[in-house]
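To start, the structure itself, in structure tokens.
In the working numbering, the protein residues as written are 19 to 110.
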């Protein structure tokens with residue numbers, strides 16, 4: 019863990035049973051703004067702004083609101099989420 023000059027928690031490098039991760043946290047300590055994660059050999063780069071919009075490049079789990087079915091995207095996917103975590107754009 020690394021802290022800024024004001025003593026706020028800003029960076030975390032670690033590993034869980036699922037894989038390694040690197041987080042760069044919000045200066046207001048509201049969670050990660052940038053996250054690099056390798057979970058079960060599936061890479062993901064997540065970037066969030068202070069308003070709650072998020073871009074995810076790489077593997078991600080999506081749950082259908084209708085069927086509750088889980089879909090896993092590939093490392094070649096890009097998802098853009100709105101403030102309420104709704105998908106506003108994706109490819110493929």
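Glycine included, C-beta positions come from ideal geometry on N, C-alpha and C.
As the structure is a computational prediction, the values presented were derived from the model and not from experiment.
>> If the criterion is Cβ atoms closer than 8 Å, does the pair residue 91 and residue 97 meet it?
In response: With respect to the 8 Å criterion, residue 91 and residue 97 are classified as neighbours on the basis of their beta carbons.
>> In the DSSP output, what is residue 71 paired with across the bridge?
In response: Residue 71 is not bridged to any residue.
> What's the gap between the Cα of residue 94 and the Cα of residue 107?
Replying inline: 14 Å
>> Report the start-end ranges of each alpha helix (DSSP H) in the stretch 22-50 that is 4 residues or longer and not cut off at the edges.
In response: none
>> Please classify residue 77 as buried or exposed, where buried requires at least 16 other C-beta atoms within 10 Å of its C-beta.
In response: Looking at its Cβ environment, which holds 16 or more other Cβ atoms inside 10 Å, residue 77 is buried.
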